[in-house]
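One structure below.
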């Protein structure tokens, strides 16, 4: 007999104790892996540098993601993210781990638990909006086309951690005029803008 009349009542919501213990164990192993390899993997060298040495590139994130997924650990970024959500829910700003570059956010939080865990794309967007607000306050004005380019540059940094002038001749920039058009729009400011956005958005 199936009771279709009585409403279900939620008695308790939370993670199973065994699952929570497994998540804690995974994060302990992850932090040990990071500490054991901090002098071997380039991305870890940068993230451990004091003062922090900017310059992470997509290749660094790719190599790091490959390293953590090697046996015997087989750390998968999305599962690590879920483990942090279970163990430290107050430190996680949003679900992530699907984008390759999110491995950088995972490691940064593992090294410094006081750093909130947020997808790289979310962090870049927040910093970009803050940068735009500063530019406006300083009197800078961007045309709609310039803003379109700036948005595209921001998106590239969110996906690749950095941008160089050579990237402006690749997709999607070549579809809106490439490096030549960027120079026409921003003139001598182009190099400075790229350098500033690299530093401000992905540092």
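Numbering (our numbering), first residue to last: 19 to 221. Beta carbons: idealized from backbone N, C-alpha and C, even for Gly.
* Between residue 179 and the rest of its own chain, which residues show a CB-CB distance below 8 Å, the 5 nearest in sequence each way excluded? -> Along the chain shown, one-based indexing puts residue 179 at 161. Listed in chain order, the non-local C-beta contacts of residue 179 below 8 Å within the same chain comprise 74, 75, 76, 78, 79, 119, 122, 138 and 220, local neighbours out to five positions each way being set aside.
* Asked: Between which two residues does the alpha helix (DSSP H) carrying residue 209 extend?
  -> The sequence position of residue 209 within the chain shown is 191, counting from 1. Residues 208-220.
* Beta bridge counterpart(s) of residue 98 as assigned by DSSP -> Residue 98 sits at position 80 when you count from the first residue of the chain shown. Partner(s): none; residue 98 has no beta bridge.
* Would DSSP call residue 119 helix, strand or coil? -> Counting from one through the chain shown, the residue named residue 119 turns up at place 101. Coil.
* Asked: By DSSP, does residue 138 sit in helix, in strand, or in coil?
  -> Looking up residue 138 in the chain shown gives position 120. The answer is helix: DSSP assigns residue 138 an H, G or I state.
* Within 10 angstroms of its Cβ, does residue 100 collect 16 or more other Cβ (buried), or is it exposed? -> To locate residue 100, count along the chain shown from 1; it is residue 82. It counts as buried.
* Got a sec, what are the start and stop residues for the alpha helix (DSSP H) residue 161 sits in? -> Residue mapping note: residue 161 aligns to position 143 of the chain shown, counting from 1. That residue, residue 161, is in no alpha helix (DSSP H); it is neither H nor E in DSSP.
* From which residue to which residue does the alpha helix (DSSP H) around residue 186 run? -> For the purposes of this step, residue 186 is taken as the residue at position 168 of the chain shown. Segment: none, residue 186 is in no alpha helix (DSSP H) and carries neither H nor E.
* **Start-to-end residues for the alpha helix (DSSP H) that takes in residue 36** => Start at 1 with the first residue of the chain shown, and residue 36 comes out as number 18. Here the alpha helix (DSSP H) through residue 36 covers 35-54.
* Asked: What's the gap between the Cα of residue 55 and the Cα of residue 204?
  -> Sequence index remark: in the chain shown, residue 55 carries index 37 (1-based). Sequence index remark: in the chain shown, residue 204 carries index 186 (1-based). Roughly 42 Å separates the two Cα atoms.
* Asked: To which residues does DSSP link residue 110 through a beta bridge?
  -> Taking the chain shown and counting its residues from 1, one reaches residue 110 at position 92. In the DSSP output, where bridge partners are listed per residue, residue 110 has 135.
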